[in-house]
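Protein sequence lines correspond, in order, to chains P and C. Just so it is clear: in the first sequence, position 113 is 113 by full-length UniProt numbering, and no numbers are missing. Just so it is clear: in the second sequence, position 25 is 25 by full-length UniProt numbering, and no numbers are missing. Don't be surprised by glycine CBs; every beta carbon is placed ideally from N, CA and C. Given the structure is predicted, the values throughout are model-derived calculations rather than measurements. Everything on this sheet refers to the single structure shown next.
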Amino acid sequence: MSEEQHVLSILVEDRPGVLSRIAGLFSGRGFNIASLCVANAASEGLSRITLVTQADPLVIEQIIKQLRKLINVVKVTDLAEGPAVYREMALVKVSAKPEFRAEILRIVDIFRCKVIDVSAEHYTVEVTGDQGKITALLDLLKPMGVKEIARTGVTALSREQRNGN
Amino acid sequence: MLESEGVDSIFGYPGGVLIGLYDEMAKSNIRHYLVRHEQGAVHAADGYARISGKVGVCLVTSGPGATNTVTGIASAYCDSIPMVVLTGQVPTNLIGNDAFQEVDIVGITRPCTKHNYLVKDVNELADTIREAFHIARSGRPGPVLIDLPKDVLAGTANFKQPKGPVTMRSYNPTVTPNTKQLTKVIKELMKAKKPLIMAGGGIISSNASQALTDFARKLQIPVTTTLMGLGAFPGSDDLSLGMIGMHGTYRANMSTGDCDVLLGVGVRFDDRVTGKTDTFASQAKIIHVDIDPTSIRKNVPVSIPVVGDCKATLDKLNELLTGENLTEIPEKRAPWLKCIAEWKAAQRLAYEQTDVIKPQYVVERLCKITEGKAIISTEVGQNQMWAAQFYDFDQPNRFVTSGGLGVMGFGLPAAIGAQVAAPNDLVVDVAGDGSIQMNIQELGTAMQHKLPVKVVILNNGYLGMVRQWQELFFGKRYCATQMDVQPDFVKLAEAYGATGLRATKPEEVDEVLKKGLAAEGPVIMDFVVEREECVYPMVPAGAPITEMLLV
Ligand SMILES: Cc1ncc(C[n+]2csc(CCOP(=O)(O)OP(=O)(O)O)c2C)c(N)n1
Ligand SMILES: [Mg+2]
Numbered sequence: 001m002s003e004e005q006h007v008l009s010i011l012v013e014d015r016p017g018v019l020s021r022i023a024g025l026f027s028g029r030g031f032n033i034a035s036l037c038v039a040n041a042a043s044e045g046l047s048r049i050t051l052v053t054q055a056d057p058l059v060i061e062q063i064i065k066q067l068r069k070l071i072n073v074v075k076v077t078d079l080a081e082g083p084a085v086y087r088e089m090a091l092v093k094v095s096a097k098p099e100f101r102a103e104i105l106r107i108v109d110i111f112r113c114k115v116i117d118v119s120a121e122h123y124t125v126e127v128t129g130d131q132g133k134i135t136a137l138l139d140l141l142k143p144m145g146v147k148e149i150a151r152t153g154v155t156a157l158s159r160e161q162r163n164g165n
Numbered sequence: 001m002l003e004s005e006g007v008d009s010i011f012g013y014p015g016g017v018l019i020g021l022y023d024e025m026a027k028s029n030i031r032h033y034l035v036r037h038e039q040g041a042v043h044a045a046d047g048y049a050r051i052s053g054k055v056g057v058c059l060v061t062s063g064p065g066a067t068n069t070v071t072g073i074a075s076a077y078c079d080s081i082p083m084v085v086l087t088g089q090v091p092t093n094l095i096g097n098d099a100f101q102e103v104d105i106v107g108i109t110r111p112c113t114k115h116n117y118l119v120k121d122v123n124e125l126a127d128t129i130r131e132a133f134h135i136a137r138s139g140r141p142g143p144v145l146i147d148l149p150k151d152v153l154a155g156t157a158n159f160k161q162p163k164g165p166v167t168m169r170s171y172n173p174t175v176t177p178n179t180k181q182l183t184k185v186i187k188e189l190m191k192a193k194k195p196l197i198m199a200g201g202g203i204i205s206s207n208a209s210q211a212l213t214d215f216a217r218k219l220q221i222p223v224t225t226t227l228m229g230l231g232a233f234p235g236s237d238d239l240s241l242g243m244i245g246m247h248g249t250y251r252a253n254m255s256t257g258d259c260d261v262l263l264g265v266g267v268r269f270d271d272r273v274t275g276k277t278d279t280f281a282s283q284a285k286i287i288h289v290d291i292d293p294t295s296i297r298k299n300v301p302v303s304i305p306v307v308g309d310c311k312a313t314l315d316k317l318n319e320l321l322t323g324e325n326l327t328e329i330p331e332k333r334a335p336w337l338k339c340i341a342e343w344k345a346a347q348r349l350a351y352e353q354t355d356v357i358k359p360q361y362v363v364e365r366l367c368k369i370t371e372g373k374a375i376i377s378t379e380v381g382q383n384q385m386w387a388a389q390f391y392d393f394d395q396p397n398r399f400v401t402s403g404g405l406g407v408m409g410f411g412l413p414a415a416i417g418a419q420v421a422a423p424n425d426l427v428v429d430v431a432g433d434g435s436i437q438m439n440i441q442e443l444g445t446a447m448q449h450k451l452p453v454k455v456v457i458l459n460n461g462y463l464g465m466v467r468q469w470q471e472l473f474f475g476k477r478y479c480a481t482q483m484d485v486q487p488d489f490v491k492l493a494e495a496y497g498a499t500g501l502r503a504t505k506p507e508e509v510d511e512v513l514k515k516g517l518a519a520e521g522p523v524i525m526d527f528v529v530e531r532e533e534c535v536y537p538m539v540p541a542g543a544p545i546t547e548m549l550l551v
């Protein structure tokens, strides 16, 4: 069976050790974590974990069931099951030699990102978008010399039904 | 607080951080059983939980006390045994400082507990204990650990007895099965020509034996049980196929290859049961009932999944059957039952008693002499398989074994726990000479607390099960399986103040058994058996379950 990428949105109780339970579940059972993004959720005492994993459908089913079995996990949603919005942010430190500066700023403009730090030799660029956009931007910046990248990993929410639909 | 959870017995071992708690406990009505090793405390709580149907409780100190419980907890986790393990911990202000006797037991046991807690505030203690017992005993049962820092234990809180059921936002096991699925189950089974039921430990932990027996008899469906399910269906019933799996009966294993519908209830399709999974029950539609959704479709494909408590499900299925016309069932089932009878006649569990004691003979005589009524615990290895094959279990909760983890050294402490739960019953540990030495020190516990457990050692002078694999698959190279230096088990028993008996010839077996079982207090019976006997049938690991090595 073929491996597919799935984005899981996991609502958990905000307790010590919860992340370790989830990470331990993946490492102990040989599941794979491609990216992980954690922060407070809307309601008090809950956090949302957005986790990207690759596996064949049967393994995905196991992963979801195993996650639901953890006592501190409140809800697991496989975002592949319906429409959802996905975003990732990246900070890219790119070398800004005088001959490239204009080009970098043009790219920044086209991608609607921001330069958030400037030094004699570098720009740090902030970009937000889906994974495709970030990859495209990185491809364009690479020839100028990318020094460091920090990516958040995907975070996502399911879409609500639109009125009249 | 513990008393209000129905706790009357605790298995434990004290230490620095627990002295205060022990001091308090002495004033309560709780009986404390002082073990000789913390692993023994956990296995004893395991045996106690299985026989009493209550949550087993252990209490151990921080650091080494806590780490000594890990094997026992892992075993209870595999076998879904309800248990609460209380560990002492260094004071909260020292946690993380590598303090004396500090270990991160919550971290260590995270993957082998159903859940665990570190209590940092005495005001959370009461709710945590209540939650822990609730989690341990509900849904798919399992061990829960609570780590208790010394200052939290010494602290005082305004104790209000919490009332009403525990409610948790993130934990609500599905007990009641989906009726639509059950209607499908009935339809499949009514249609089936060669149905088979495979019953596991879930039947025993949910008290579903009677419901299962009624259901199988009404539809005339043969029943095989897993190791953990022994006793879930009466072994003497005509529909019983005995145990399935690596050392299962010929007819049970053959039936899986031929059946057209397989109903698995309270089982998890472990690899020791299925053999090679892609050939397992390959002709059959599989229906799987389990309270744990992760068990379903983990190892084998399932056509009709049913998530629910085994008893609730079987009760509902029995109810649905009242609407069906069952008059034609016996006639319809005859060819299938005949086929099974032929398998049974072709290959029985058998051995030949010569002038050396056969281990199977000892178990068979034990069963006869106790009229199949004893509580049997086992160690691990050949002794465990012979106990499973040659003792007939007609009732649930009589067979106590470390099924999932297979822990050598389980049997004696588990027997002690079982004896605490059933003081008037005969409790016998069927042991191997290797395994018994792993927790032999618990004989001291049995003596101190006057728990008259009986130990039957099938003494082959080998780590027999490993030797069997060496014989069959490694050219008889018996590397590291000979127990050349053994204690004299009779003298060892006597050293503890217990009774020791020995049989070396077949004609002594009955006499030693009768004398040993009748003796007061703990007894070790040492049976010097055929050294190189093998357990048959045997399915080599990874082979299809229908391809058995026979005698
Ligand atoms: C704690 C532990 N260590 C090792 C094993 C591996 N093992 C399984 S059976 C067995 C041999 C047991 O020997 P004995 O208790 O004499 O039983 P026999 O098979 O001879 O009846 C061993 C070493 C185990 N199951 N548990
Ligand atoms: Mg042995």
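Closer than 9 Å, CB to CB, is P/Val-108 near chain C or not?
As a first step, residue 108 of chain P must be located in the first sequence, where it is residue number 108. Not one chain C Cβ lies under 9 Å of P/Val-108.
When the distance is taken between beta carbons, is P/Val-146 closer than 9 Å to P/Val-94?
Position 94 of the first sequence, counting from 1, holds the residue named residue 94 of chain P. Position 146 of the first sequence, counting from 1, holds the residue named residue 146 of chain P. Taking 9 Å as the Cβ cut-off, P/Val-94 and P/Val-146 qualify as a contacting pair.
So that I know if they touch, is there some Cβ in chain C lying closer than 9 Å to that of P/Leu-8?
Here residue 8 of chain P is taken as the residue at index 8 of the first sequence, counted from 1. At a cut-off of 9 Å between beta carbons, P/Leu-8 makes no contact with chain C.
Rounded to whole angstroms, what's the CA-CA distance from P/Val-52 to P/Glu-148? Just pull it up for me.
In the first sequence, the residue the question calls residue 52 of chain P occupies position 52. In the first sequence, the residue the question calls residue 148 of chain P occupies position 148. C-alpha separation (whole angstroms): 22 Å.
So that I know if they touch, is there some Cβ in chain P lying closer than 9 Å to that of C/Thr-294?
Reading the second sequence from its first residue, position 294 is the one you call residue 294 of chain C. At least one beta carbon of chain P lies nearer than 9 Å to the beta carbon of C/Thr-294.
Under three-state DSSP, which class holds C/His-134?
Here residue 134 of chain C refers to the residue found at position 134 of the second sequence. Here C/His-134 sits in helix by DSSP.
Residues of its chain near C/Val-380, where Cβ-Cβ distance is below 7 Å and the 5 sequence neighbours each way are ignored
Taking the second sequence and counting its residues from 1, one reaches residue 380 of chain C at position 380. The residues are Ser-402, Gly-406, Val-407, Met-408, Phe-410 and Ser-435.
Going by alpha carbons, who is nearest to C/Lys-180 out of C/Gly-308, C/Ile-51, C/Asn-253 and C/Ser-206?
Numbered from its first residue, the second sequence carries residue 180 of chain C at position 180. It is C/Gly-308.
Through-space distance from C/Pro-423 to C/Pro-149, alpha-carbon basis:
Within the second sequence, the letter at position 149 stands for residue 149 of chain C. Within the second sequence, the letter at position 423 stands for residue 423 of chain C. So the alpha carbons of these two residues sit roughly 34 Å apart.
How should C/Gly-96 be labelled, buried or exposed, when 16 other C-beta atoms within 10 angstroms of its C-beta is the threshold for buried?
As a working note, residue 96 of chain C is residue 96 in the second sequence. Of the other Cβ atoms in all chains shown, fewer than 16 fall within 10 Å of the Cβ of C/Gly-96; this residue is therefore exposed.
So, helix, strand or coil for C/Cys-339, using DSSP?
Locating residue 339 of chain C in the second sequence gives position 339, where the first residue counts as 1. Here C/Cys-339 sits in helix by DSSP.
Below-9 Å beta-carbon distance, C/Lys-332 vs any chain P residue:
If you number the second sequence from 1, residue 332 of chain C lands on position 332. Any Cβ of chain P closer than 9 Å to the Cβ of C/Lys-332 would place that residue at the interface, and such an atom is absent.
Output yes if chain P places a C-beta closer than 9 Å to the C-beta of C/Leu-125; else output no.
In the second sequence, counting from the first residue as 1, residue 125 of chain C sits at position 125. Residue-level contact by beta carbon fails for C/Leu-125 and chain P, as no gap is shorter than 9 Å.
Taking the alpha-carbon positions, what's the C/Ile-375 to C/Asp-237 distance?
Locating residue 375 of chain C in the second sequence gives position 375, where the first residue counts as 1. Locating residue 237 of chain C in the second sequence gives position 237, where the first residue counts as 1. So the alpha carbons of these two residues sit roughly 20 Å apart.
Note down the Cα distance separating P/Asn-165 from P/Leu-46, rounded to an integer number of angstroms.
Start at 1 with the first residue of the first sequence, and residue 165 of chain P comes out as number 165. Start at 1 with the first residue of the first sequence, and residue 46 of chain P comes out as number 46. Residue confidence for P/Asn-165 is low, a pLDDT of 47 falling below 50, so the modelled location carries little weight; the figure read from the coordinates is stated next. Going by C-alpha positions, P/Asn-165 is about 31 Å away from P/Leu-46.
Please classify C/Cys-479: is it buried, with 16 or more other beta-carbons within 10 angstroms of its beta-carbon, or exposed?
The residue labelled residue 479 of chain C in the question sits at position 479 within the second sequence. Taking every protein chain shown into account, the CB of C/Cys-479 has fewer than 16 other CB atoms within 10 angstroms, so this residue is exposed.
Please work out which residues of its chain come closer than 6 Å, Cβ to Cβ, to C/Leu-125, disregarding the five sequence neighbours upstream and downstream, and give them in chain order.
Along the second sequence, read from residue 1 onward, the residue named residue 125 of chain C stands at position 125. Contacts found: Val-119.
Taking C/Cys-259 as part of the alpha helix (DSSP H), name the residues at either end of that continuous run.
Taking the second sequence and counting its residues from 1, the one referred to as residue 259 of chain C is at position 259. Run containing C/Cys-259: none; DSSP gives neither H nor E here.
Mind reading off the beta-carbon distance from C/Ile-524 to C/Ile-457? Whole number of angstroms is fine, and I expect it under 8 Å.
The residue given as residue 524 of chain C occupies position 524 in the second sequence. The residue given as residue 457 of chain C occupies position 457 in the second sequence. With 8 Å as the limit, C/Ile-524 and C/Ile-457 qualify as a contact, their Cβ atoms being about 7 Å apart.
Range covered by the beta strand (DSSP E) that runs through C/Ile-30
The sequence position of residue 30 of chain C within the second sequence is 30, counting from 1. It is not in any beta strand (DSSP E) - C/Ile-30 carries neither H nor E in the DSSP assignment.
What would DSSP say about P/Asn-165, mapped onto helix, strand or coil?
Start at 1 with the first residue of the first sequence, and residue 165 of chain P comes out as number 165. Only weak support exists for where P/Asn-165 lies, its pLDDT of 47 falling under 50; the coordinates are left without a value.
Quick one, which of C/Asp-394, C/His-288, C/Leu-227 and C/Pro-305 has its alpha-carbon nearest C/Cys-78's?
One-based indexing of the second sequence puts residue 78 of chain C at position 78. Ranked by Cα distance from C/Cys-78, the first of C/Asp-394, C/His-288, C/Leu-227 and C/Pro-305 is C/Leu-227.
When you compare the CB positions of C/Val-57 and C/Met-83, do they come within less than 9 Å of one another, or not?
Within the second sequence, the letter at position 57 stands for residue 57 of chain C. Within the second sequence, the letter at position 83 stands for residue 83 of chain C. Cβ distance < 9 Å, so C/Val-57 and C/Met-83 count as in contact.
Between the CA atoms of C/Gln-486 and C/Leu-504 - distance to the nearest angstrom
The residue labelled residue 504 of chain C in the question sits at position 504 within the second sequence. The residue labelled residue 486 of chain C in the question sits at position 486 within the second sequence. This sequence places Thr at residue 504 of chain C; Leu is not what is there. Each residue's alpha carbon lies about 16 Å from the other.
Would a check of beta-carbon distances place C/Arg-137 closer than 9 Å to chain P?
For the purposes of this step, residue 137 of chain C is taken as the residue at position 137 of the second sequence. Not closer than 9 Å to any Cβ of chain P, the Cβ of C/Arg-137 fails to qualify, so no.
Cβ closer than 7 Å: which chain P residues qualify as neighbours of C/Pro-111?
Numbered from its first residue, the second sequence carries residue 111 of chain C at position 111. Chain P residues near C/Pro-111: Gly-24 and Gly-28.
Span separating the alpha-carbon of C/Ile-81 from that of C/Asn-68:
Numbered from 1 along the second sequence, position 81 holds the residue referred to as residue 81 of chain C. Numbered from 1 along the second sequence, position 68 holds the residue referred to as residue 68 of chain C. Answer to the nearest angstrom: the Cα atoms are 18 Å apart.
So what does DSSP say about C/Lys-191, is it helix, strand or coil?
Here residue 191 of chain C corresponds to residue number 191 of the second sequence, with the count starting at 1. Residue state, collapsed to three classes: helix.
Chain P residues whose Cβ lies nearer than 7 Å to that of C/Ser-170:
Indexing the second sequence from 1 puts residue 170 of chain C at position 170. Here the neighbours are Glu-13, Ile-71, Asn-72, Val-73 and Val-74.
My output table needs one value for C/Gln-486: the three-state DSSP class, helix, strand or coil.
To locate residue 486 of chain C, count along the second sequence from 1; it is residue 486. Coil at C/Gln-486, not helix or strand.
Among P/Gly-24, P/Ala-84, P/Ala-23 and P/Ser-2, which has the Cα closest to the Cα of P/Thr-155?
Taking the first sequence and counting its residues from 1, the one referred to as residue 155 of chain P is at position 155. The shortest C-alpha separation from P/Thr-155 is found at P/Ala-84.
For P/Glu-81, return the contacting residues in chain C, with the cut-off set at a CB-CB distance below 8 Å.
Residue numbering aside, residue 81 of chain P sits at position 81 when the first sequence is read from its first letter. Below the 8 Å Cβ cutoff, chain C contributes no neighbours of P/Glu-81, its closest Cβ being approximately 17 Å away.
Within the same chain, show all residues whose beta-carbon is closer than 8 Å to that of P/Met-144, passing over the 5 residues directly before and after it, in chain order.
The residue given as residue 144 of chain P occupies position 144 in the first sequence. Excluding five sequence positions before and after P/Met-144, the CB atoms of its chain that fall closer than 8 Å to its own CB belong to Val-94, Ser-95, Ala-96, Lys-97, Phe-100, Glu-103 and Ile-104, given in chain order.
If we count the other Cβ atoms within 10 Å of its Cβ and call it buried at 16 or more, is C/Asp-147 buried or exposed?
If you number the second sequence from 1, residue 147 of chain C lands on position 147. So C/Asp-147 counts as buried.
Out of curiosity, what's the CA-to-CA distance linking C/Met-438 and C/Asp-260?
Counting from 1 along the second sequence, the entry for residue 438 of chain C is found at position 438. Counting from 1 along the second sequence, the entry for residue 260 of chain C is found at position 260. One C-alpha to the other measures close to 44 Å.
Beta-carbon gap between C/Pro-234 and C/Pro-195 smaller than 9 Å:
Along the second sequence, read from residue 1 onward, the residue named residue 234 of chain C stands at position 234. Along the second sequence, read from residue 1 onward, the residue named residue 195 of chain C stands at position 195. In this structure, C/Pro-195 does not lie closer than 9 Å to C/Pro-234 by Cβ.
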